[in-house]
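**Q**
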Amino acid sequence: MTGSDLIGMMILAAGLFAIGLFGVLARRGILFQLVALEVALSGPALAFVAAGAYHADPQGQGMFILVLTLAAAEVAVGLALFLRIRRTSGTDDSDIISGMKG
Amino acid sequence: MSLLLAIYAGAFALVSAALAVTRPNAVHALLYLVVMLLALAVAFFALGAAFAAVLLILIYAGAIVVLFVFVVMTLPISPESITRERASLRGAWPLPLLLSVLILAPFLFGEFGIAGNSAAAPVSAQQVGRLLFGPWALAIELASLLLLAGLIGVRHIGRSDRTPRSRP
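Protein chains in written order, with this note's numbering: chain G, 1 to 102; chain U, 1 to 168.
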């Protein structure tokens, strides 16, 4: 694996992150925004693993496990908030619920 | 040659990620998310990170997506959505079929010996475990604290407040 291959994988990772960011910004449904957030998180995961493979170092996969933990906790809290918002305000549009009332 | 496989799987993940964030139907978006995660796992395998690939399939595609599907199942399903599903099943099968065939292609490469040896030096699960429970023990403690905070947060957010608790 040469340096140009690493650059290729980094471009792929940046593309995944950009697609996820676009999804978070463009979608209105909270469930779809959470899916896009997962896509965005997988970009840095690919970057860590590719860098770890380039240097033949286990630290890349260690960071990937930490990213995985973060994604699991974030999705659990996000989905609980989604269900709570649907129950209290009856909508899943993040524009409608953007104003917090205490 | 195996690096070609990594780039192929990465490009595949890119396409299915674009599909996952643009589908109007929640279940379709989740299915494309699973396809993206599987393609990413193929890329991890080709990069010599087998442990990360297995964790990606087990935790991401196995646990996190099931959580999403569970939430989607709690949403009410209207009769018109079922008729829309029937109509889309007639017209919208070529794209999923193409994706399934394309994700099958790397396995055929491996079967016919086209893929060859791994391009990157493989990092074994034992090395990762030595790292995590040796010098990175503090990071593991912080991750466990994060999961505990998530657990308590979900318990607090998901608490039903329709029936006030009777205080003794």
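Cβ coordinates follow ideal geometry from the N, Cα and C atoms, glycine included. From a predicted model like this one, the values you see are computed outputs, not experimental measurements.
Report the CB separation of Ala73 of chain G from Leu146 of chain U in whole angstroms; it is logged as a contact under 8 Å.
**A** 5 Å between Cβ atoms; contact.
**Q** In its own chain, which residues sit with a C-beta less than 8 Å from the C-beta of Leu70 of chain G, not counting the 5 before and 5 after it?
**A** Excluding residues within five positions, the ones whose Cβ falls inside 8 Å are Leu41.
**Q** Leaving aside the five residues before and after Ile140 of chain U along the sequence, list all residues of the same chain whose C-beta is less than 8 Å from its C-beta, in chain order.
**A** For Ile140 of chain U, where only same-chain residues beyond five positions count, the Cβ hits under 8 Å are Leu132, Phe133.
**Q** Using 8 Å as the limit for Cβ to Cβ distance, is Ala62 of chain U near chain G?
**A** The sequence given here has Gly at residue 62 of chain U, not Ala. No, Gly62 of chain U lies away from the interface with chain G (no Cβ there is under 8 Å from its Cβ).
**Q** According to the neighbour-count rule (16 or more other Cβ atoms, all chains shown, within 10 Å of its Cβ), is Ile65 of chain G buried or exposed?
**A** Buried, since its Cβ has 16 or more Cβ neighbours within 10 Å.
**Q** Flag this pair as yes or no: are the beta carbons of Leu55 of chain U and Leu79 of chain G separated by less than 8 Å?
**A** Contact flag unset, no.
**Q** Name the residues in the region 19-31 of chain G whose C-beta lies less than 9 Å from a C-beta of chain U; which are they?
**A** Of all residues in the region 19-31 of chain G, Ile19, Gly20, Phe22, Gly23, Val24, Ala26, Arg27, Gly29, Leu31 have a Cβ within less than 9 Å of some Cβ in chain U.
**Q** Roughly how many angstroms lie between the CA atoms of Ala13 of chain U and Leu47 of chain U, to the nearest whole one?
**A** Rounded to whole angstroms, Ala13 of chain U to Leu47 of chain U spans 15 Å at the Cα level.
**Q** If you draw a straight line from the alpha carbon of Ala105 of chain U to that of Thr22 of chain U, how long is it in whole angstroms?
**A** Approximately 25 Å, taken between the alpha carbons.
**Q** Measuring alpha carbon to alpha carbon, tell me which of U:Tyr32, U:Ala39, U:Ala26, U:Met36 ends up nearest Phe70 of chain U.
**A** Of U:Tyr32, U:Ala39, U:Ala26, U:Met36, the residue nearest in Cα terms is U:Ala26.
**Q** For Thr69 of chain G, go through chain U and note every residue whose CB falls closer than 7 Å to its CB, in chain order.
**A** By Cβ distance, chain U contributes Ala143, Leu146, Leu147.
**Q** Alpha carbon to alpha carbon, what distance is there between Tyr60 of chain U and Ile103 of chain U?
**A** Distance between the alpha carbons of Ile103 of chain U and Tyr60 of chain U: 18 Å.
**Q** So for Asp93 of chain G, helix, strand or coil by DSSP?
**A** Asp93 of chain G falls in the strand class under three-state DSSP.
**Q** Taking C-alpha atoms, which residue in U:Pro76, U:Ile57, U:Leu98, U:Val15 lies nearest to Asp92 of chain G?
**A** The shortest Cα separation from Asp92 of chain G among U:Pro76, U:Ile57, U:Leu98, U:Val15 belongs to U:Pro76.
**Q** Kindly provide the ranges of any alpha helix (DSSP H) runs that are 4 or more residues long and lie completely inside the region 5-66 of chain U, ordered along the chain.
**A** Fully enclosed alpha helix (DSSP H) runs of 4 or longer: 26-46, 50-55.
**Q** Give every residue of the same chain whose Cβ lies closer than 8 Å to the Cβ of Val72 of chain U, excluding the five residues on either side of it in the sequence, and list them in chain order.
**A** Within the same chain, Val72 of chain U has close Cβ partners Ala26, Val27, Leu30.
**Q** Would you identify the three-state DSSP class for Gly29 of chain G, choosing helix, strand or coil?
**A** Strand, per DSSP.
**Q** The alpha helix (DSSP H) spanning Leu131 of chain U covers which residue range?
**A** Its alpha helix (DSSP H) spans residues 125-133.
**Q** Alpha carbon to alpha carbon, what distance is there between Leu58 of chain U and Val128 of chain U?
**A** Computed Cα separation, rounded: 17 Å.
**Q** Do the region 4-20 of chain G and the region 49-62 of chain G meet, that is, are 3 or more Cβ pairs less than 8 Å apart?
**A** Yes: at least three Cβ pairs fall under 8 Å.
**Q** Check for me: the alpha helix (DSSP H) holding Ser144 of chain U runs from which residue to which?
**A** Per DSSP, Ser144 of chain U belongs to the alpha helix (DSSP H) from 137-157.
**Q** In chain G, which residues lie with their C-beta within 8 Å of the C-beta of Gly158 of chain U?
**A** Here the neighbours are Ala80, Leu83, Arg84.
**Q** Residues in its own chain within less than 7 Å of Val39 of chain G by CB, not counting five upstream and five downstream?
**A** Answer for Val39 of chain G: Leu16, Ile19, Gly20, Gly23, listed in chain order.
**Q** Whose CA, out of G:Arg86, G:Ile96, G:Ile97, G:Asp95, lies closest to the CA of Gly158 of chain U?
**A** Residue G:Arg86 is the option with its Cα nearest to Gly158 of chain U.
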